[in-house]
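If you read the sequence shown in my numbering, its first letter stands for residue 8, the second for the next number, and so on.
Every residue, glycine too, gets a C-beta built ideally from N, C-alpha and C.
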Amino acid sequence: MKLHSPLPERKTRLEIIPLIDVMFFLLASFMMVSLTMSKQQTIKVNLPVASSAQSDFKPDMINLAVNATGDVFFDKAAITLPELDRKLAERFGKDPATPVYISADVNTRYADLVKVLDAAKRIGFTKVAFNVKPANSAKPAL
């Protein structure tokens, strides 16, 4: 004997639209959090100003800095030129396409800056650039 329900039988449905909304929200949240996690590893120098400068710091790059007295820094650590050659050669062996960014103080001698640039080019790095401040962030002269 079969009993029948007075209610009509309904097929179950799985609604995926709310699931998609939640996944997009999580994706956007993780993207925003990952953008705030990038960390710049340079020393403080008084950078020259350029009108077409853009800020693009990534964790997989080499940061070199030269201060006004001619001291060279490799990721915030003071270093001599022979040590710089050795460290650059190690990083070149790991990834030859690593970008190299050179920061220099406004009062840095041109010769000191060229020594660092020459070291990076001599090792074989092809992506070498100079860090500068954008013109709109420069302090106006009084």
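Status (buried if at least 16 other CB within 10 Å, exposed otherwise) for ILE109: buried
Which same chain residues, not among the five before or five after VAL73, have their C-beta less than 6 Å away from its C-beta? VAL79, ALA111, THR115, ASP119, LEU120 and VAL123
Report the residue ranges of all alpha helix (DSSP H) runs contained in full by the region 101-138; include only those spanning at least 4 residues, in chain order. 117-130
Where does PRO15 sit, in a helix, a strand or coil, going by DSSP? coil
Note down the Cα distance separating LEU88 from LEU42, rounded to an integer number of angstroms. 34 Å
Might you give, ordered along the chain, the residues of its own chain that have their beta carbon closer than 7 Å to the beta carbon of ARG17, omitting 5 neighbours on each side? none
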